[in-house]
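>
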Amino acid sequence: MANYIPIQTVTVGSGGVASFVFSGIPQTYTDLVIKVSARGDATGLPDVRMQFNGDTGSNYQAREAYGDGAIVQGNTYTTTDAHFHMNGTSTTTSTFTNSEIYIPNYTSSNQKSISGDAVNENNSTSTNVQARLVAWKWAGTTPITSITFSTNTGNYAQYTTATLYGIRKY
């Protein structure tokens, strides 16, 4: 059994923001979980991008599987962040992408494995639900003390919310 203890919550206000940070993450938990409800103010499906401890190098590897009811695809890549898509202005109004990111052993001196899932919904001109499962590896070997969220285009829209939880296993 695990206990989810809320550490920090960010809720984006009027006008949106380009980025936000969870900083000063306590090193007293076993694992971390981040629950995100995000929407971008750009067209298409902008990215939710995460970087750990300010690392902007090509130190993130990903394997993902995604589908939208018509196709299922996979992808493997190396990049400068851990990322997934979020709803933008060309998707259904006021509909947010929901996701959960799990980071086990975030205080270890080993490279970090991260898993996440996200769902984008669009019921505007055509009905579409896209689900994405991603496994990332961050090459950093220091404990995670901060997580920066940014986007590849535009801003996070008002009412985007992210909550960081510490996990204590019993």
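The sequence shown runs 2 to 171 under the working numbering.
Heads up, the beta-carbon is just placed ideally off N, CA and C, and yes, glycines get one too.
1) With distances taken Cα to Cα, identify the nearest neighbour of THR161 among THR146, THR12, ASN153.
2) Report yes if the C-beta distance between VAL37 and SER147 is below 8 Å; otherwise report no.
3) CB ASP42 to CB THR92, shorter than 8 Å?
4) Could you tell me whether the Cβ atoms of PHE85 and ASP48 are closer together than 8 Å?
5) Entirely within the stretch 92-170 and at least 3 residues each: give me those beta strand (DSSP E) ranges in chain order.
6) Is VAL18 helix, strand or coil by DSSP?
7) Report the option in THR81, LYS138, ILE8, GLN74 whose CA atom is closest to the CA atom of GLN28.
8) Can you give, in chain order, each stretch of the beta strand (DSSP E) that sits fully within the stretch 59-94 and has at least 3 residues?
9) Which residues in the same chain as THR142 place their Cβ atom closer than 7 Å to its Cβ, once the five residues preceding and following it in sequence are excluded?
10) In angstroms with no decimal places, state the Cα-to-Cα distance between ALA63 and ASP118.
11) At what residues does the beta strand (DSSP E) containing ALA39 begin and finish?
12) Which of the three DSSP states, helix, strand or coil, is assigned to GLN28?
13) Less than 7 Å separating the Cβ of THR90 from some heavy atom of the ligand FMN?
Answer, in terms of the structure:
1) The residue with the shortest Cα to Cα distance from THR161 is THR12.
2) no
3) no
4) yes
5) 98-105, 113-123, 129-139, 148-151, 162-170
6) In the displayed model, VAL18 falls within a strand according to three-state DSSP.
7) ILE8
8) 61-68, 73-80, 83-86
9) The answer, listed in chain order, is SER110, ASN111, GLN112.
10) Distance from the CA of ALA63 to the CA of ASP118, rounded to the nearest whole angstrom, comes to 13 Å.
11) Note, ALA39: beta strand (DSSP E), 32-39.
12) coil
13) As far as ligands go, the structure on display features none, and thus does not contain the ligand FMN.
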